[in-house]
Structures are given as C-alpha cells and as structure tokens.
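Report on one structure; see the data block that follows.
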Amino acid sequence: MIDPIFLLEAAVNGILLSGVLALLALGLNLIFGVVDIVWIAYVDLVMVCMYLVYFLVMIYGWPLWLAGLASVALGALLGLGVHLLIITPILGSAPVNQLLATGGLLFFLQSFATFLWTTDHRTVRLALPILEVGGMFLSFVRLIAFAISLLAMIGLWVFLRRTYIGTAIRAVSQDREAMALMGADPQRVYLVTSAVGGAMAGVAGALLIIQYSVHPFFGAAFGPLTFMICVLGGLGNMVGAFVASVVMSEIISIGGVVISTEMGYVIAFVVFIVMMFVRPGGLLVRRG
Amino acid sequence: MRPGRVVGAALLAVLALGPVLPMGGMRQYVLHVLIQIFVWSFIGGAWSLMGRFGLVSLGHGAFLGLGAYTVTLLWNAYGLTPWLGGVVAAALTSVLALVVAYPCSRFQVVGHYFALVTLAVGEVVRLLIIAERNWTGGSLGLSLRASPHDSVLAMQFADKRVFYYASLVLWLAGLWIWYRVDRSMARAAMEAIGEDETAAASVGIHVTRFKMGITMLSASLTAVGGVAYAQYITYVNPDTLAGIGVSLRIVFAVVLGGMYSLLGPTVGTALTIALGEYLRVVFGLRLIGMAETIYGLLLILFIIFLPAGIYGSLRDVVAGLARPARLASGLR
Numbered sequence: 000m001i002d003p004i005f006l007l008e009a010a011v012n013g014i015l016l017s018g019v020l021a022l023l024a025l026g027l028n029l030i031f032g033v034v035d036i037v038w039i040a041y042v043d044l045v046m047v048c049m050y051l052v053y054f055l056v057m058i059y060g061w062p063l064w065l066a067g068l069a070s071v072a073l074g075a076l077l078g079l080g081v082h083l084l085i086i087t088p089i090l091g092s093a094p095v096n097q098l099l100a101t102g103g104l105l106f107f108l109q110s111f112a113t114f115l116w117t118t119d120h121r122t123v124r125l126a127l128p129i130l131e132v133g134g135m136f137l138s139f140v141r142l143i144a145f146a147i148s149l150l151a152m153i154g155l156w157v158f159l160r161r162t163y164i165g166t167a168i169r170a171v172s173q174d175r176e177a178m179a180l181m182g183a184d185p186q187r188v189y190l191v192t193s194a195v196g197g198a199m200a201g202v203a204g205a206l207l208i209i210q211y212s213v214h215p216f217f218g219a220a221f222g223p224l225t226f227m228i229c230v231l232g233g234l235g236n237m238v239g240a241f242v243a244s245v246v247m248s249e250i251i252s253i254g255g256v257v258i259s260t261e262m263g264y265v266i267a268f269v270v271f272i273v274m275m276f277v278r279p280g281g282l283l284v285r286r287g
Numbered sequence: 000m001r002p003g004r005v006v007g008a009a010l011l012a013v014l015a016l017g018p019v020l021p022m023g024g025m026r027q028y029v030l031h032v033l034i035q036i037f038v039w040s041f042i043g044g045a046w047s048l049m050g051r052f053g054l055v056s057l058g059h060g061a062f063l064g065l066g067a068y069t070v071t072l073l074w075n076a077y078g079l080t081p082w083l084g085g086v087v088a089a090a091l092t093s094v095l096a097l098v099v100a101y102p103c104s105r106f107q108v109v110g111h112y113f114a115l116v117t118l119a120v121g122e123v124v125r126l127l128i129i130a131e132r133n134w135t136g137g138s139l140g141l142s143l144r145a146s147p148h149d150s151v152l153a154m155q156f157a158d159k160r161v162f163y164y165a166s167l168v169l170w171l172a173g174l175w176i177w178y179r180v181d182r183s184m185a186r187a188a189m190e191a192i193g194e195d196e197t198a199a200a201s202v203g204i205h206v207t208r209f210k211m212g213i214t215m216l217s218a219s220l221t222a223v224g225g226v227a228y229a230q231y232i233t234y235v236n237p238d239t240l241a242g243i244g245v246s247l248r249i250v251f252a253v254v255l256g257g258m259y260s261l262l263g264p265t266v267g268t269a270l271t272i273a274l275g276e277y278l279r280v281v282f283g284l285r286l287i288g289m290a291e292t293i294y295g296l297l298l299i300l301f302i303i304f305l306p307a308g309i310y311g312s313l314r315d316v317v318a319g320l321a322r323p324a325r326l327a328s329g330l331r
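Chains as they are written, first to last, in numbering that gives the first Met the number 0: chain A, 0 to 287; chain B, 0 to 331.
Now the structure itself:
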C-alpha cells in the first residue's frame with residue numbers, strides 16, 4: 000500500500016505541472032481555433048526556446064528573467080516565421096497536407112537540434128529551496144512556474160477580452176467565414192494569433208527549462224499530451240483548458256506514482272479518446 | 000498495349016530478375032533497400048485505403064506495432080508459426096481498428112479530431128509496449144528467436160533473395176487489393192461518404208458499414224506489413240514500429256507520392272527511403288542529425304510545392320504535354 004502522503008504529494012505536483020501544460024494548450028488552442036491548423040511541431044518550438052534560455056543563462060550568464068523575456072520574444076518570432084513560411088502557402092491545401100507540413104517541421108527541428116546541440120540532456124539548475132509542508136516535499140521552482148503560468152494565462156485573457164485585435168481573434172475563432180465579410184484582414188489576424196501563440200510557447204519554454212532537462216526529443220514527450228489537452232479543453236475555452244490540464248496532469252502524476260510513468264500516460268490518453276466520444280465539449284457541434 | 004503497360008511490364012521484369020542482375024558487391028545492399036521499399040510501400044498503400052477517403056489516420060503505427068509484436072511474442076513464447084501468428088495479428092488489429100473507428104463514426108469524430116484520436120491510439124500502443132517491459136523488452140526492443148536453420152514454418156531465411164521475392168509478391172498483392180477496392184462499389188460509396196455523409200446515407204449507403212470495412216481492411220493489411228517487417232529485420236522496437244514518428248513517416252511517404260493513384264504510395268515510399276539512404280551514405284557518422292534535418296526540410300518543401308504528390312503532379316504534367324500533341328494530330 001502506498002503511503003497517502005505520497006499520493007497527496009503526487010496530486011499537488013500534478014496541479015503544479017498543470018499550469019504550464021494549460022499555458023501550452025491555450026497557445027495551441029488559440030492557433031487551432033483561429034487558423035484551423037494543428038501545429039504538430041508546437042512543442043518543438045518550446046524545445047527551441049528552452050535551449051535559448053539554457054544557453055543565455057548557463058553560457059552567457061544572463062539573469063534568468065531577462066533570458067525568459069528573450070525566450071518569449073523568440074517564441075513570438077518563431078510563431079510569425081512558421082505562419083509566414085509554412086502555413087501561408089498551404090492555407091488552402093487539404094487538411095492532411097497542413098498536418099504534414101508542420102509534421103515536417105517537427106522532423107526538421109528535432110534533427111537540427113540533434114545536429115547543433117547533440118542529444119545531451121541539459122538543465123538550468125536553480126539554487127532554490129525545497130519546501131516541506133506537512134511531510135510533503137514541494138519544489139519551490141514548481142510553485143513559481145505555476146504562479147507565472149497563471150499570470151501569463153490572465154495576461155492572455157486580458158489581451159483577448161480587452162483589446163481590439165483580441166476581440167477580432169475571438170470573433171474569428173467563433174466564425175471564420177464572417178471575418179472577410181466584416182472587412183477584417185485575415186492575414187493580420189493570423190499573424191497576431193501566431194505570434195501570441197508562439198509567445199506562449201516562449202513563456203512555457205522558460206518555465207519548463209527550470210524544472211526539466213531539455214533534449215532534442217522533448218517535443219515528442221510533451222507534444223501529444225498538449226494536443227489532447229488543447230482539444231479536451233474546447234476551442235477558445237480558457238477555463239476548459241485549465242480543467243482539462245489539471246485532469247490530465249493528475250492522471251499522469253498519480254498514475255505515475257501508483258503504477259508507472261508510462262501507464263499514467265496510457266490512462267490519460269485512453270481517457271482522452273473516451274472523452275472525445277462521450278463529451279466532445281461542443282467542438283464537434285461547431286464543426287457540424 | 001498502351002505505353003504505360005509496356006513500361007510497367009518491363010519494370011516488373013527487371014524487378015523479377017533483380018537478384019540475378021550483376022551488381023557486384025552492392026547486391027546485398029540493393030536487395031535490402033528494395034525489400035524495405037516493397038514492405039513500406041505495401042504499408043503505405045494500406046494507409047492510403049483510408050486516407051484517400053478523408054479518414055486521415057495518424058495512428059497506423061498502432062496497427063503496425065500490434066501486428067509485429069503479436070507475431071514476435073507468439074513465436075518467442077509459444078513457438079507459434081508466423082503464418083498463424085500473422086492471422087492472429089491481423090484479427091487483433093481489426094478488432095482494435097473497430098473499437099476505435101466505430102465510436103469515431105458513431106460520434107462524428109472527423110478531420111483533425113479523427114487524426115488526433117488515432118494519434119492517441121498510436122501513442123497508447125507504444126507506451127503499453129514500453130510499460131510491459133517484462134515480456135515486451137520495453138524500449139530496448141525484442142529480437143525474434145532465431146530458428147536453427149532456414150525454415151518456411153518459422154518464416155526465417157538466411158538468404159535475402161527469399162525475402163526479396165516474398166516482399167515483391169506482398170507488394171504486388173497490396174497493389175491488387177488497392178486496385179480491387181478502387182474498382183469496387185466501396186470506392187463510389189466511400190467517395191460519396193467523404194463528400195457528404197448525410198447525403199450519402201440518404202441515398203441508401205450504409206455509411207458505418209463501409210467506413211468500418213475500409214478501416215479494418217487498412218488496419219489488418221498494415222499489421223501484415225508489420226509482420227513482414229519483423230520477420231525480415233528479426234527485431235522489433237516500440238519507437239520504430241509504433242507511436243507518432245512511424246505513423247507520420249507512413250503518411251508522409253504516401254502524401255509525397257500521391258494518395259489517389261495506384262502507384263503513388265510506392266513512388267513516395269521509394270523516394271523517401273532512397274533519400275534517407277542517400278543522406279545516410281553521404282553523411283555517415285559525421286554531422287549527426289544533418290541527414291534527418293535535410294529530410295525534414297525537403298518534406299516541408301514538397302508539401303508546399305507539390306500538394307498533389309510527386310506521382311500525381313508528374314501525371315498532370317504528362318497529361319498536359321500529351322493533350323496538345325493529340326489536339327495537333329487531330330487537326331491534321
């Protein structure tokens with residue numbers, strides 16, 4: 000029998016992990032909702048941002064907060080680049096081609112990272128204390144990462160609700176056809192969306208590098224999970240994304256302690272598949 | 000005979016004579032590459048049976064892995080011949096396909112959502128293989144227990160030429176099945192379903208039955224491909240046979256070639272494998288990752304500039320050239 004304190008610790012860690020995952024799912028969700036393309040390589044952009052923070056902090060001695068800001072900027076640039084170079088030419092293509100083009104980007108980023116930086120695992124070590132709360136050991140780093148994720152999500156919410164372009168983005172994700180009728184410039188909306196989505200990847204990259212080590216196949220580890228949370232949450236639904244993220248991270252975290260890491264993921268993926276059938280979250284209704 | 004048929008017959012003759020053509024020291028290597036092309040073309044063809052009707056699956060790795068592991072485990076643990084193991088594998092895969100595809104059809108999970116559900120299925124199979132490491136070998140993979148001598152029953156042969164002819168026959172069988180489906184009622188029905196499911200149902204097409212039939216056929220053929228691959232390589236690994244990576248590679252090859260034509264999957268597979276081998280030979284152990292980087296870059300460029308696939312685009316060009324010529328002769 001497993002000591003309940005371990006389960007509690009796993010549950011708390013699950014919640015802490017869910018913050019970053021929700022952030023990633025929201026970034027992907029934003030792009031999927033507006034441009035209607037799943038960026039298969041989204042988490043690989045996060046991987047690139049993680050490397051940036053690693054090199055800036057460990058090699059060039061930048062302070063972490065500055066490297067984090069650089070990571071956000073790089074993420075936004077990557078988002079713009081992906082949209083301009085890859086997505087724009089294939090906007091009218093068959094869905095399978097759209098999936099594959101970003102799939103090609105996944106292969107490209109993974110192997111180019113292998114080429115440049117080898118398959119070594121790298122991490123930014125922070126000399127922050129481990130908190131002991133009622134017999135549980137909680138990492139202070141994860142608490143900070145969770146708090147910043149929440150702040151970033153609130154920032155995204157304010158952007159989408161309180162700014163003109165944010166309102167346009169929400170309108171487009173609700174009804175794509177109406178965009179041209181309303182005289183909005185689709186390319187501008189797409190570009191802003193991709194940049195914001197990329198910036199979310201940058202924030203997540205900075206938060207992940209202080210908790211996990213980065214390697215070229217980081218995207219493969221977190222990618223499928225991110226797609227699933229993104230879809231489970233429901234398009235454009237921020238609360239939904241957070242709830243989905245908590246559910247999935249809890250399954251993975253507790254399942255990992257009780258059975259094994261892989262089985263935790265297996266259960267989470269099976270839950271995703273079943274949920275797609277029994278509770279498509281209104282997504283499929285929208286698509287008709 | 001149309002010129003296309005003559006070229007086809009000549010190509011087939013060359014392929015049939017493949018193992019006896021003079022190739023010097025390169026023979027083993029060339030045969031190895033050709034066997035891979037045949038097997039993966041067969042798998043790509045199996046995928047395109049679904050893909051061409053809008054059922055874009057990113058989870059064919061699940062069927063491939065399930066097929067390969069079923070046969071390998073049954074042979075290693077119980078000494079069950081791969082001939083029977085293959086039947087079991089195809090049956091199991093059909094069941095898995097049905098379990099996933101039926102609710103997808105029932106609850107209208109289509110498009111990107113279908114792709115993501117199947118992607119999850121592929122990952123589930125990969126992770127289960129890794130998690131059950133006590134008897135599957137986990138991420139280290141599993142070697143096929145070697146038979147003491149060449150054996151038809153064990154489907155193991157020291158001579159590559161046997162595998163060459165076996166995979167050639169497998170490939171031709173795959174083309175034949177593809178052709179039969181293409182000429183059948185099922186194709187017309189599936190095209191109608193792909194266009195508009197409700198309209199198809201309203202004219203009396205059994206939407207679910209056709210979708211399930213095509214899906215199970217595609218899945219079980221993919222499992223057979225997995226069996227062939229496992230028997231030839233005699234080693235199975237969760238990362239090369241299941242999960243998102245291999246699933247994407249299958250789809251890439253097919254889309255690259257063109258999924259709406261008989262030879263499209265073969266052309267795409269042959270090109271991606273040839274490209275992969277070429278880059279591997281060029282870079283060798285230097286510049287690790289460079290070969291794959293170029294591969295990924297070329298894939299993006301191909302998707303952007305040749306959306307109909309190489310074979311499809313080539314055919315359009317040839318048709319475009321032929322048409323004015325015919326017009327000119329008609330005028331004379």
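Glycine included, C-beta positions come from ideal geometry on N, C-alpha and C.
Review point. Which runs of the beta strand (DSSP E), 3 residues or longer, sit entirely within the stretch 104-165 of chain A?
Key: 129-132, 135-138
Check your understanding: What in chain A is Cβ-close to residue 239 of chain B, meaning under 7 Å?
Key -> Residues of chain A passing the Cβ test: none, with the nearest at roughly 13 Å.
**Study point:** Residue from A/220, A/161, A/83 with nearest C-alpha to residue 251 of chain A
**Key:** A/220
Check your understanding: What does residue 96 of chain A touch in chain B if you count any residue whose Cβ is under 8 Å from its own?
Key -> 254, 302, 306
Practice item. Would you be able to state if there are at least three C-beta pairs under 8 Å between the stretch 277-297 of chain B and the stretch 66-76 of chain B? Key: no
Point to revise | Exposure label - residue 205 of chain B; buried when at least 16 CB within 10 Å | key: exposed
Review point. Going by other Cβ atoms of all chains shown within 10 Å of its Cβ, with 16 needed for buried, is residue 133 of chain B buried or exposed?
Key: exposed
Check your understanding: Can residue 241 of chain A and residue 21 of chain A be called in contact, C-beta distance under 7 Å?
Key -> yes
Exercise for review: Kindly list, in the order they appear in chain A, the residues whose Cβ is closer than 9 Å to that of residue 291 of chain B.
Suggested key: 106, 107, 109, 110, 111, 113, 114
Check your understanding: When DSSP labels each residue in this structure, what does residue 234 of chain B get in the three-state scheme?
Key -> strand
Exercise for review: Spell out the partners DSSP gives residue 213 of chain A in its beta bridges.
Suggested key: A/121
**Study point:** For residue 141 of chain B, the residue or residues it bridges with in DSSP
**Key:** B/235
Review point. Do you know offhand how far residue 11 of chain B's Cα is from residue 229 of chain A's?
Key: 48 Å
Review point. What are the uninterrupted segments assigned as alpha helix (DSSP H) that are 4 or more residues long and contained completely in the stretch 236-299 of chain B, given in chain order?
Key: 237-240, 243-256, 263-282
Check your understanding: Would you report the Cα separation of residue 94 of chain A and residue 152 of chain B, rounded to the nearest angstrom?
Key -> 44 Å
Check your understanding: When the Cα atoms are used, what is the spatial distance from residue 43 of chain A to residue 34 of chain A?
Key -> 19 Å
**Study point:** Inter-residue Cα distance where the pair is residue 148 of chain B and residue 156 of chain B
**Key:** 8 Å
Point to revise | Check whether residue 159 of chain A and residue 169 of chain A have beta carbons under 7 Å apart | key: yes
Review point. Mind checking residue 277 of chain A: buried by the 16 CB within 10 Å criterion, or exposed?
Key: exposed
**Study point:** Residue nearest to residue 53 of chain B in terms of C-alpha spacing, selected from B/174, B/259, B/31
**Key:** B/259
Check your understanding: Would you report the Cα separation of residue 116 of chain A and residue 24 of chain A, rounded to the nearest angstrom?
Key -> 27 Å
Practice item. Could you tell me which uninterrupted alpha helix (DSSP H) segments, each at least 4 residues in length, are contained entirely in the stretch 20-45 of chain A, listed from first to last along the chain? Key: none
Point to revise | Contact belief for residue 179 of chain A with residue 185 of chain A at Cβ below 8 Å, rounded distance in angstroms | key: 7 Å
Check your understanding: Would you say residue 141 of chain A and residue 210 of chain A are within 7 Å of each other, going by their C-beta atoms?
Key -> yes
**Study point:** Cut-off 7 Å between Cβ atoms - residues of its own chain near residue 242 of chain B, not counting five sequence neighbours on either side
**Key:** 60, 121, 122, 125
**Study point:** Listed by chain order, chain B residues near residue 264 of chain A by CB distance under 8 Å
**Key:** 122, 126
Exercise for review: Answer with buried or exposed for residue 247 of chain B, where buried requires no fewer than 16 other C-beta atoms within 10 angstroms of its C-beta.
Suggested key: buried
Point to revise | Contact with chain A by residue 119 of chain B, beta-carbon distance below 7 Å | key: yes
Check your understanding: Is residue 71 of chain A near the ligand NAP, with its Cβ less than 6 Å from a heavy atom?
Key -> Although the ligand NAP was asked about, the structure shown includes no ligands whatsoever.
Exercise for review: Taking only beta carbons into account, state which residues of the stretch 63-74 of chain B come closer than 7 Å to chain A, listed in chain order.
Suggested key: none
Review point. Who are the neighbours of residue 55 of chain B on chain A, taking C-beta pairs under 8 Å?
Key: 94, 95, 98
Check your understanding: Is the distance from the Cβ of residue 254 of chain A to the Cβ of residue 272 of chain A below 7 Å?
Key -> no
Point to revise | residue 174 of chain B: contacting residues in chain A (beta-carbon distance under 8 Å) | key: None at all; the shortest Cβ gap to chain A is about 22 Å.
Review point. From residue 298 of chain B to residue 310 of chain B, what distance separates their C-alpha atoms?
Key: 15 Å
Practice item. Would you decide whether residue 46 of chain B is buried or exposed? Buried here means 16 or more other CB atoms lie within 10 Å of its CB. Key: buried
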